[in-house]
Amino acid sequence: MIVAEQTKTEAELVDQYYKTHEPALREAVILHFIPLVHFVLGRLGISRSTSDDYDDLQSQGVMGLIEAVDHFKPEMGNKLSTYATFKIRGRILDYLRSMDWLSRSARQKVRAVQDATNDMQRSLNRLPTDEELAQHMQINVDELQQIQQDSSHTVVSLDVDDDMDADEGGSSLHERLMDDRQENPSESYEHKDNHQNMANLIKNLSEKEQMVLSLYYYEELTFKEIGKTLDISESRVCQIHGRAMLNLKTMMKSTGNGP
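Residue numbers (numbering that gives the first Met the number 0): 0 to 258.
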């Protein structure tokens with residue numbers, strides 16, 4: 000029965016299930032949308048090579064998908080794929096919050112780099128280079144770049160970590176960087192203004208940082224795919240992304256738009 004249902008188009012499959020609520024169709028719908036779990040994990044910078052907990056995170060994503068299928072209301076006018084992506088991501092972030100994914104020492108180092116970047120930006124009236132920042136912090140460049148790579152995991156932590164961002168009342172950098180070309184019925188003028196402010200700040204980043212952010216947030220490539228596109232390693236992409244995020248937070252703070 001399930002094999003037969005998989006030959007239907009996505010729209011037909013979803014429509015038929017929510018009209019009949021047959022158990023076999025429910026299973027077919029869930030199986031059809033399983034790739035969304037891997038997509039969301041990839042978008043969060045999580046892969047088997049970067050996380051020892053990948054299987055657990057994948058299981059959490061599947062549970063989020065099942066929850067989405069069971070609670071979706073077609074009459075609301077949204078697509079199941081959109082709703083499921085939201086539920087999958089939320090379930091994964093909740094799990095990461097519960098296990099404190101970024102260690103306390105790593106958080107402290109990321110915060111120290113951010114504070115040092117803030118100080119140097121004020122004194123130099125520009126963002127510091129890695130060499131300048133490392134010298135200021137009295138660490139070597141390799142150590143700095145490892146911290147920047149760790150900070151890239153705040154793609155998640157920016158949403159999860161109270162100290163880093165969102166629970167202070169503002170939207171996370173991840174949300175501000177999302178592609179505003181997609182329609183959002185609840186979007187306000189303030190949100191559009193946030194996107195414009197962010198676009199202006201991004202122009203101050205290096206060309207490579209801008210490229211990584213563009214490929215990640217607008218072209219929706221994973222870090223691994225970006226590495227192949229730019230002919231650099233996945234870890235190097237993580238490091239560039241992390242540096243870009245820290246630099247954006249520094250500029251937001253200096254302009255009064257950040258925490």
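Each residue gets a CB set at the ideal place from its N, CA and C atoms; glycine is no exception.
- Taking a C-beta distance under 8 Å as the contact criterion, L214 and L247 do not qualify as a contact pair.
- Here M136 is actually not in contact with A105; their C-beta atoms are around 15 Å apart, not less than 8 Å.
- Here Q57 has V36, H37, L40 as same chain residues with Cβ atoms under 8 Å from its own Cβ, once five neighbours each way along the sequence are excluded.
- Around the C-beta of R90, 16 or more other C-beta atoms lie within 10 Å, and the residue is accordingly described as buried.
- Distance from the CA of H240 to the CA of T8, rounded to the nearest whole angstrom, comes to 37 Å.
- About 4 Å separates the beta carbons of Q59 and Y94, which is inside the 8 Å limit, making them a contact pair.
- In the three-state reduction of the DSSP assignment, P127 falls in the coil class, being assigned neither a helical nor a strand state.
- It is roughly 29 Å from the alpha-carbon of Q209 to the alpha-carbon of S80.
- Rounded to whole angstroms, the gap between the alpha carbons of M119 and D230 is 31 Å.
- In the three-state scheme derived from DSSP, where H, G and I count as helix and E and B as strand, S205 is classed as coil.
- Taking the Cα of M251 as reference, the smallest distance to any Cα among Q145, R121, E219 is reached at R121.
- The three-state secondary structure of D230, taken from DSSP, is coil.
- A straight line joining the alpha-carbon of R88 with that of A23 spans about 25 Å.
- The beta-carbon separation of S97 and E233, rounded to 26 Å, does not stay under the 8 Å limit for a contact.
- By the neighbour-count criterion, in which 16 or more other beta carbons inside 10 Å mark a residue as buried, P34 falls on the exposed side.
- Excluding residues up to 5 positions away in sequence, S232, E233, V236 lie with their Cβ nearer than 6 Å to the Cβ of G226 in the same chain.
- Considered as a whole, the stretch 70 to 112 harbours 79 to 98 as its complete alpha helix (DSSP H) runs of no fewer than 4 residues, in chain order.
- Excluding the 5 residues flanking it on each side, V61 has same chain C-beta neighbours closer than 6 Å at V36, in chain order.
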